[in-house]
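So the protein lines, in turn, are chains A and B.
All residue numbers in the first sequence are consecutive under numbering that gives the first Met the number 0, ending with 263.
All residue numbers in the second sequence are consecutive under numbering that gives the first Met the number 0, ending with 629.
Below: one structure, written as structure tokens.
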Amino acid sequence: MDHLDQLEAQSVFILREAYRKLKPLAMLWSLGKDSNVMVWLARKAFLGRVPFPVMHVDTEKKFPEMYQFRDEYTKKWNLDLLLGYCPPVEEMDPTLPPAARSAARKTAGLANMIETHKLQGVIAGIRRDEQGTRAKERVFSPRGASHKWDIRNQPPEFWDQYATPHEEGMHIRVHPLLAWREIDIWRYIEREGIPLVDLYFAKNGKRYRSLGDKDITNPIESNASTLAEVIAELETTRTSERAGRAMDHESEDAFERLRVAGYL
Amino acid sequence: MSETLTATTVIDPIDRDVALEAATPIVIVGHVDHGKSTLIGRLLYDTDNLEDGKVAQIIESSKKRGLAIEWSFLLDSLQIERDQGVTVDSTRLPFRLGDRQFVIVDAPGHRQFLRNMITGAADADAAVLVVDANEGAQEQTRRHAMLLRLIGIRHIIVLLNKVDLLDFDEQRVAAVRRSVTDLLGQLGLEPALFVPASARDGDNIASRSDRSPWYTGPILTEALAAVPGADSRAGLPLRLPVQDVYRFDDKRYVAGRIERGEIRVGDSLTIGAQGSVARVASIERWQAPQRDFALAGESVAITLEPDVIPDRGDMLFPPSAKPVKAARIRARLFWLRQEPLRVGETFRLRLATAEHQVTVASIDSVVRLDDLTEQAASEVPPEGFAEITLAAAEAIQFDVFAPGTADGRGVLVDRNQRIVGGAPLLGPADVAGEHNAIHPSGGVVDAAERRRVKGHSARVVWLTGLSGAGKSTIARQAEQLLFSQGVDVSVLDGDTLRMGLCSDLGFSEADRHENVRRAAEVARILAETGQVVVVALISPLAADRALARRIIGDSFDEVFVDTSLSVCEGRDSKGLYAAAREGKIANFTGVSAPYEAPEKPELRIAADAGSAEAHARELTEFVLGKTGRG
Chain A
0 MDHLDQLEAQ
10 SVFILREAYR
20 KLKPLAMLWS
30 LGKDSNVMVW
40 LARKAFLGRV
50 PFPVMHVDTE
60 KKFPEMYQFR
70 DEYTKKWNLD
80 LLLGYCPPVE
90 EMDPTLPPAA
100 RSAARKTAGL
110 ANMIETHKLQ
120 GVIAGIRRDE
130 QGTRAKERVF
140 SPRGASHKWD
150 IRNQPPEFWD
160 QYATPHEEGM
170 HIRVHPLLAW
180 REIDIWRYIE
190 REGIPLVDLY
200 FAKNGKRYRS
210 LGDKDITNPI
220 ESNASTLAEV
230 IAELETTRTS
240 ERAGRAMDHE
250 SEDAFERLRV
260 AGYL
Chain B
0 MSETLTATTV
10 IDPIDRDVAL
20 EAATPIVIVG
30 HVDHGKSTLI
40 GRLLYDTDNL
50 EDGKVAQIIE
60 SSKKRGLAIE
70 WSFLLDSLQI
80 ERDQGVTVDS
90 TRLPFRLGDR
100 QFVIVDAPGH
110 RQFLRNMITG
120 AADADAAVLV
130 VDANEGAQEQ
140 TRRHAMLLRL
150 IGIRHIIVLL
160 NKVDLLDFDE
170 QRVAAVRRSV
180 TDLLGQLGLE
190 PALFVPASAR
200 DGDNIASRSD
210 RSPWYTGPIL
220 TEALAAVPGA
230 DSRAGLPLRL
240 PVQDVYRFDD
250 KRYVAGRIER
260 GEIRVGDSLT
270 IGAQGSVARV
280 ASIERWQAPQ
290 RDFALAGESV
300 AITLEPDVIP
310 DRGDMLFPPS
320 AKPVKAARIR
330 ARLFWLRQEP
340 LRVGETFRLR
350 LATAEHQVTV
360 ASIDSVVRLD
370 DLTEQAASEV
380 PPEGFAEITL
390 AAAEAIQFDV
400 FAPGTADGRG
410 VLVDRNQRIV
420 GGAPLLGPAD
430 VAGEHNAIHP
440 SGGVVDAAER
450 RRVKGHSARV
460 VWLTGLSGAG
470 KSTIARQAEQ
480 LLFSQGVDVS
490 VLDGDTLRMG
500 LCSDLGFSEA
510 DRHENVRRAA
520 EVARILAETG
530 QVVVVALISP
540 LAADRALARR
550 IIGDSFDEVF
560 VDTSLSVCEG
570 RDSKGLYAAA
580 REGKIANFTG
590 VSAPYEAPEK
600 PELRIAADAG
610 SAEAHARELT
620 EFVLGKTGRG
């Protein structure tokens, strides 16, 4: 088994644990590259099916290409799509910096969906290498009734034994891609032929490395217009993936505050 | 730029094939302030594994705090960590060295964070144990070394840090080395290597120091490059724990990850404890080249012929290479709960995908961390290490713990689903060797004397049957009959127990199990006073009744009050069946929960016909016969 085979096998194991232990369960589908890999891995785990709903928490500020992609692949992949909407930014914590405040809408939208659907498990495509705070995550990360992440009091997780909910109102965030790196994601997309929104590929010297809301996501300088070129670019890059995400840069602790409150 | 940090791997295009190889996880452990975080920061910097701007950020961060370059800031990517100046949780950092990929797992030194450390360390192939050369091994050095042994990490590199404080003096370094060697030797651990170094200044980390000319062994990066890769587990006999069984369209798939060995279409496999044998009909894949085999590490879905239905937790294995089977198991333990562990506590033992109810039957020894000796003790302290014996209601199939495999990696889970301990399984417990088991204080009056005075021997008669079968009525009438004949008799009735002793219990399987256990313990105590105890309890599961028999021992008799479901439901004196059928009562035996009728009861009372009085007389005769009064 090579590295990608190992990552795939571990992710399939995690998804099958989630499906067995957490009901009701849903997968977040942000339409980005990682979440497409995640849907693909679910189909690997369940022999072509996704036996639980996928959720798109819509900020209504995504790129039009993303909405097109969503509608096309919901049909092609036979997905049970749940849509959730986010409250207006005026309702968010005004002490957050502007981009983080905008991103906080998604947290609120997600919280609404979890409550509406009484979810016990939410599968999310975060990776350890994306961001320092995410590096601390568990594969099964319990969230209390307020959806808060208690960083200081995380359960032990070892030998592939994961936390399960034990209280009314709590849920588990399941992170099947935690061990993947950005380059692994791209190589897997290449190997498997997983479709992507074409915003990831360069047009006029710019491409998106990470996709968020269009007002708080910036493209990077790049001429990589094919999968092979993107991979070649990543192999030599020395800047971080989320460099184009405004909220990551506003202050040292803005992102952590978002995450503790339930952001992905 | 953000101050939060992501160390990404930087790869030269020439070496891209290298990155396709699996990364070797290395855990870095050691006492607080012995320099782990500094070491990692320095290592990433010296080996060019940092993103642009990251070093500038560290310098900036250090300046803001009025400090010299603090390499450990690299890891302190959480605000709360920086505030406290300690690393809170384990972190994984991908990192590349020459032609090899690694993941560095940073584990905290503060003892209250043992559970975070185990979270990071459990899957590592090798460990770097950082020891301050000036201070020598400290409490957490011993604790972490013990943990490395318990989780089965065999390749250990000892980094003697801060040797600048010993002026790089060869003799002084040798003395520290001897004491650490002795310490590890006590645990049966033999370090692969000692590297004298200064992480802060970079001596012998990624470049050879000219301050220690006497040291000619590998520097840290060379030592890491020489770490042996994970053993291939494909050559061992197959273990495939069933994770789930799916039915999609008209096909049944058995899903699981191959823990070791390999599986081929056409192989005959034994299925778990039930022991039936089936053939692998196919290995199913989606969007992958079809192959008629799969190897250790793969998550597979197979179909079986005949189409038997295994349960989650069943182990699939070759008939020629069975796991061990035992109801009493010896285990090592690392205890993660903040309260001590005592004998008699009950847990779920998770073993791969299986779960079993177990009771801590004895604490055989506890490790004293001052000198790493094993001591007798009545409890395992918080975050302590011990050897214990676990008792299960039924035999558990398992493989003995073996480093480098997933074998025997037990985990204890409490009632709230919290993982409270890791339990590498050592083997079946030797029943004769229970000299360290609990010694309940026995009565001073012995059983023979009680028998002489009472005129009969003690007995526990355990009535099992459906709700409404007539157990309590028969028990009460027999009580009267026995009492009138001078027998010292009492009745433990299910409903009565549930009003008092067991009022905290519900009707889940676990609670029913606990209900049975308590009834059996009380019956045992009463029987030890010489009484005849009649227990009237539905006790639907054979395993629970087997537990009762084990608790009580030879004076136990199982009596099956055999009344059919239709008769019980027809009587329905308490209206329970009607309520259960309407779904108002969950887990109702016979309706929505199973009743496992005894296969070989000592007495079967056919209670569909005949009067309760006749049945009570039948029971009375039986008891008199058993107690030497017949």
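C-beta atoms are modelled at their ideal positions from N, C-alpha and C, and glycine is treated no differently.
8 Å Cβ cutoff, residue i in contact with chain B
| i | result |
| --- | --- |
| V49 of chain A | no |
| F139 of chain A | no |
| D288 of chain A | Absent from the structure is residue 288 of chain A, since the part of chain A shown begins at 0 and ends at 263. |
| Q160 of chain A | yes |
| A142 of chain A | Looking at the sequence itself, residue 142 of chain A is Arg, so the reference to Ala does not match. Not closer than 8 Å to any Cβ of chain B, the Cβ of R142 of chain A fails to qualify, so no. |
| L27 of chain A | no |
| M0 of chain A | yes |
| Q278 of chain A | No information on residue 278 of chain A is available, as it lies outside the stretch 0 to 263 that chain A covers here. |
| A260 of chain A | no |
| A223 of chain A | no |
| T163 of chain A | yes |
Inter-residue Cα distance where the pair is residue i and residue j
| i | j | result |
| --- | --- | --- |
| P542 of chain B | R284 of chain B | Just to set this straight, residue 542 of chain B is Ala in the shown sequence, not Pro. Roughly 38 Å separates the two Cα atoms. |
| V534 of chain B | S565 of chain B | 24 Å |
| R516 of chain B | R347 of chain B | 15 Å |
| E181 of chain A | T106 of chain A | 23 Å |
| G407 of chain B | F400 of chain B | 4 Å |
| T58 of chain A | E234 of chain A | 32 Å |
| G469 of chain B | V490 of chain B | 14 Å |
| R95 of chain B | T46 of chain B | 8 Å |
| T619 of chain B | L481 of chain B | 6 Å |
| Y252 of chain B | K43 of chain A | 13 Å |
| Y262 of chain A | T345 of chain B | 37 Å |
| E598 of chain B | R258 of chain A | 56 Å |
| L411 of chain B | A351 of chain B | 12 Å |
| F506 of chain B | N586 of chain B | 6 Å |
| G108 of chain A | C85 of chain A | 4 Å |
Residue-chain proximity (residue i, chain A), Cβ-Cβ < 8 Å
| i | result |
| --- | --- |
| G609 of chain B | no |
| V410 of chain B | yes |
| H434 of chain B | Here H434 of chain B scores only 40 on pLDDT, less than 50, and its place in the model is too uncertain to base an answer on. |
| L77 of chain B | Confidence is the limiting factor: at L77 of chain B the pLDDT is only 38, short of 50, which leaves the residue's position unreliable, though a coordinate-based value still follows. Closer than 8 Å: yes. |
| Q416 of chain B | yes |
| T118 of chain B | yes |
| G421 of chain B | yes |
| A300 of chain B | yes |
| Q242 of chain B | yes |
Burial state of residue i, where buried means 16 or more other Cβ atoms lie within 10 Å
| i | result |
| --- | --- |
| Q374 of chain B | exposed |
| V560 of chain B | buried |
| F397 of chain B | buried |
| V172 of chain B | buried |
| I184 of chain A | buried |
| I301 of chain B | buried |
*Can we say the stretch 37-52 of chain B touches the stretch 133-150 of chain B, given the rule of at least three CB pairs closer than 8 Å?*
no
Does the structure place the stretch 19-34 of chain A close enough to the stretch 46-58 of chain A that three or more beta carbon pairs sit under 8 Å?
yes
task: Decide if the stretch 329-339 of chain B is in contact with the stretch 420-427 of chain B; the criterion is three or more beta carbon pairs, one per stretch, under 8 Å apart.
output: yes
- Message: Give me the subset of the stretch 275-298 of chain B whose CB atoms are less than 9 Å from a CB atom of chain A, sorted by chain position.
- Response: E283, R284, W285, Q286, A287, L294, A295, G296, E297, S298
Segment contact, 8 Å Cβ cut-off, at least three pairs: the stretch 21-32 of chain B with the stretch 133-144 of chain A: no
Quick one, which residues of the stretch 252-273 of chain B are near chain D if we go by CB-CB under 7 Å, in chain order? Checking the listed chains, one finds no chain D in this structure; the protein chains it contains are A and B.
query: Using 8 Å as the Cβ pair cut-off and three pairs as the minimum, do the stretch 201-220 of chain B and the stretch 257-269 of chain B touch?
result: no
- Message: Can you pull out the residues from the stretch 34-58 of chain A whose beta carbon lies closer than 9 Å to at least one beta carbon of chain B?
- Response: W39, R42, K43, A44, F45, L46, G47, R48, P50
Counting Cβ pairs closer than 8 Å, one from the stretch 385-395 of chain B and one from the stretch 351-366 of chain B, do we hit at least three? yes
May I ask you to list, following chain order, the residues of the stretch 390-410 of chain B that have a beta carbon less than 8 Å from some beta carbon of chain A? A405, R408, V410
At least 3 beta-carbon pairs within less than 8 Å: the stretch 198-217 of chain A vs the stretch 118-134 of chain B
no
Determine which residues of the stretch 308-338 of chain B have a Cβ less than 7 Å from any Cβ of chain A, and write them out in chain order. R311, L335
Task: chain A contacts made by the stretch 341-368 of chain B, where a contact means CB separation under 7 Å - done: R349
Check your understanding: When you check each C-beta in the stretch 91-107 of chain B against every C-beta of chain A, which residues fall closer than 9 Å?
Key -> R91, L92, P93, Q100, V102
Discussion item. Quick test of the definition: if touching needs 3 or more C-beta pairs under 8 Å, does the stretch 459-476 of chain B touch the stretch 565-584 of chain B?
Written reply: yes
Taking a cut of 8 Å between CB atoms, which residues from the stretch 14-25 of chain A lie near chain B? R15, E16, Y18, R19
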